[in-house]
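A quick write-up on the structure given underneath.
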Amino acid sequence: MGKNFPFILRLRSIVTAVLGGLLFMGALTGCDMSGHQSTILTEGPVARSQLNVFYVTLWVSIFIFLTVGSVLAYAQIKFRVRKGQEDDDVPPPQTHGHPMIEMGLICASILLLVIIAVPTIRGIWFQADTPNREDALVVTVTGYQWWFKFEYPELGIVTANELVIPKNRPIHLDLRTLDVIHSFWVPKLAGKVDLIPNRANHMWLQADKEGYYWGQCAEFCGESHANMKFRLVSLDEGDFQAWAERQKQEAREIPEGDTAMTWSNLNPKIQFASLEGTADTEPEVGSYEGWRRQQFPIGPEDPQLINEGRTLFRDQKCVMCHTIRGHDAPGIIGPDLTHFGSRTTVAAGLLDNTPENLGAWISDPESIKPGNIMYRDGYVINKTTLSEKDVQALVAYLNSLK
Ligand code: CUA
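Residue numbers (this note's numbering): 111 to 512.
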């Protein structure tokens, strides 16, 4: 032990204190917590309960950090090597054991663990059981590489990549997978529970208000795991019922020669109450208003082009993998597209559902979602080649499926 030891020790303490202080200040002030997948801005009771557990743990950890840091700093300063003592190799008086301090530290540790354990266990119980099970809406979520199927067994609805729910009602989710392990996560509402082969997992969530939420597969499931996203839309009860009625219907028929298709003649029985005000404006596709807008044709439709697309969808064998109820498309390998045009995303939440993005996806799915089955087991085997005109027709057809 030479002269340098106290200096190195002092340097290490200073560096540790500065880094710790910076991290702490950063955590308090610097970070933007308002992203689409924020777990801090919660909008449902399950995410709120999870956030509460996080905060309890955080505050207990900050308390331990400050207490231990203060004692360490005090000892460093009080017992530092003073001027004139640099060459003095004699260590300060040593002590062995102190029953009061040791017992005190054990009791303090137990107390802190209890403070964390009580809300944690309460949170686990709260999240495990769907409240008001009779009133809850049941949805079966099935994970595929790389998209989500959503089935509403009580309503007879099947959809994909966009989970629509009524607000203020518990949603009971049965979680299934037909290939590998996935995980269902809507950060602002609840998360994460795994979808495991041969295991019946479940979870529940609830949304406080109307909204448009981002979801993400949260378990590594292969090449395009990071591209396995989805959206969750919560509506008031009336709008949800209207949406459900629309979803139960077969796909739209667009008669040739009908050139006056507009959103108002789509289906007069089903109107979203507040939509009329937004029909002529262009809200962002990936937003709550954008989702409402998406329930109706945007701009005039071209019935001839749409029907060309319908023929192509059959001739290019897309029908082998996709269901479009009422249009002789019975495939079950890929997402159900019966009401595809009413969704706001393409390729499982990856792109906004604009004609350009949909065209890009249909033209070259492999470059957008590497490894996807549509390309690997569809385009390659069927030697699919689509002209620009074909892509336009398919886009028009798919977007007509409101
Ligand atoms: Cu599915 Cu990651």
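Virtual Cβ for every residue (Gly too), placed ideally from N, Cα, C.
Every value quoted in this text rests on a predicted model; they were computed, and no experiment measured them.
Measuring straight from C-alpha to C-alpha, what distance separates residue i and residue j?
{"i": "Gly253", "j": "Ser180", "result": "50 Å"}
{"i": "Ala310", "j": "His449", "result": "28 Å"}
{"i": "Arg122", "j": "Val178", "result": "16 Å"}
{"i": "Thr494", "j": "Leu151", "result": "45 Å"}
{"i": "Ala183", "j": "Phe189", "result": "10 Å"}
{"i": "Gly441", "j": "Ile364", "result": "22 Å"}
{"i": "Asp269", "j": "Lys259", "result": "Reading the sequence as shown, one finds Thr at residue 269 and not Asp. About 6 Å."}
{"i": "Ile226", "j": "Met430", "result": "53 Å"}
{"i": "His312", "j": "Gln414", "result": "45 Å"}
{"i": "Arg526", "j": "Thr287", "result": "Only positions 111 to 512 of the chain appear in this structure, which leaves residue 526 out of reach."}
{"i": "Glu360", "j": "Gly436", "result": "5 Å"}
{"i": "Ile211", "j": "Thr205", "result": "12 Å"}
{"i": "Glu514", "j": "Lys499", "result": "Here the chain has residues from 111 to 512 only, and residue 514 is not among them."}
{"i": "Leu273", "j": "Ser293", "result": "15 Å"}
{"i": "Thr372", "j": "Gly233", "result": "Because the pLDDT of Thr372 is 48, which lies under 50, any placement of that residue in the model is unreliable, and the question is left without a value."}
{"i": "Lys277", "j": "Arg341", "result": "15 Å"}
{"i": "Leu223", "j": "Gln316", "result": "30 Å"}
{"i": "Phe164", "j": "Trp256", "result": "30 Å"}
{"i": "Ala383", "j": "Asn271", "result": "Model confidence at Ala383 stands at a pLDDT of 49, short of 50, so the residue's coordinates are unreliable and nothing is read from them."}
{"i": "Ser159", "j": "Met213", "result": "33 Å"}
{"i": "Pro241", "j": "Phe350", "result": "20 Å"}
{"i": "Ile220", "j": "Gly207", "result": "20 Å"}
{"i": "Gln357", "j": "Ala238", "result": "30 Å"}
{"i": "Ser148", "j": "Ala157", "result": "10 Å"}
{"i": "Phe134", "j": "Thr230", "result": "24 Å"}
{"i": "Pro465", "j": "Asn308", "result": "39 Å"}
{"i": "Leu468", "j": "Leu176", "result": "53 Å"}
{"i": "Arg486", "j": "Lys427", "result": "14 Å"}
{"i": "Trp314", "j": "Pro209", "result": "49 Å"}
{"i": "Ile174", "j": "Val166", "result": "12 Å"}
{"i": "Ala127", "j": "Ala185", "result": "14 Å"}
{"i": "Asn162", "j": "Gln405", "result": "37 Å"}
Just to confirm, are residue i and residue j a CB contact at a threshold of 8 Å?
{"i": "Leu422", "j": "Ala354", "result": "no"}
{"i": "Leu511", "j": "Ile443", "result": "no"}
{"i": "Asn337", "j": "Ala458", "result": "yes"}
{"i": "Ala246", "j": "Ile281", "result": "yes"}
{"i": "Gly325", "j": "Val343", "result": "no"}
{"i": "Thr455", "j": "Asp446", "result": "no"}
{"i": "Ser397", "j": "Tyr322", "result": "yes"}
{"i": "Glu333", "j": "Gly481", "result": "yes"}
{"i": "Glu264", "j": "Val290", "result": "no"}
{"i": "Glu366", "j": "Leu345", "result": "no"}
{"i": "Gly154", "j": "Leu299", "result": "yes"}
{"i": "Asp304", "j": "Val251", "result": "no"}
{"i": "Val505", "j": "Ile478", "result": "no"}
{"i": "Gly451", "j": "Leu496", "result": "no"}
{"i": "Gln403", "j": "Pro410", "result": "It should be pointed out that residue 403 corresponds to Arg in this sequence rather than to Gln. Not in contact: Arg403 and Pro410 (Cβ atoms no closer than 8 Å)."}
{"i": "Lys513", "j": "Leu460", "result": "Only positions 111 to 512 of the chain appear in this structure, which leaves residue 513 out of reach."}
{"i": "Asp438", "j": "Arg424", "result": "yes"}
May I ask you to list the residues that DSSP assigns as paired with residue i?
{"i": "Phe294", "result": "Val303"}
{"i": "Arg279", "result": "None; Arg279 has no bridge partner."}
{"i": "Asn463", "result": "DSSP output for Asn463 lists no bridge partner at all."}
{"i": "Gly325", "result": "Phe340"}
{"i": "Phe260", "result": "Val251, Thr269"}
{"i": "Met313", "result": "Leu283"}
{"i": "Val456", "result": "Leu461"}
{"i": "Val274", "result": "Val343"}
Is the closest heavy atom of the ligand CUA to the C-beta of residue i under 7 Å?
{"i": "Cys217", "result": "no"}
{"i": "Trp256", "result": "yes"}
{"i": "Phe260", "result": "no"}
{"i": "Phe330", "result": "yes"}
{"i": "Met338", "result": "yes"}
{"i": "Gly481", "result": "no"}
{"i": "His292", "result": "yes"}
{"i": "Gly253", "result": "yes"}
{"i": "Cys431", "result": "no"}
{"i": "Cys327", "result": "yes"}
{"i": "His208", "result": "no"}
{"i": "His335", "result": "yes"}
- Task: Please specify which runs of the alpha helix (DSSP H), each continuous and at least 4 residues long, are wholly inside the segment 408-446, giving them in chain order.
- Result: 413-425
- Message: My parser needs the alpha helix (DSSP H) runs of 4 or more residues fully inside the segment 178-257; what are they?
- Response: 209-238
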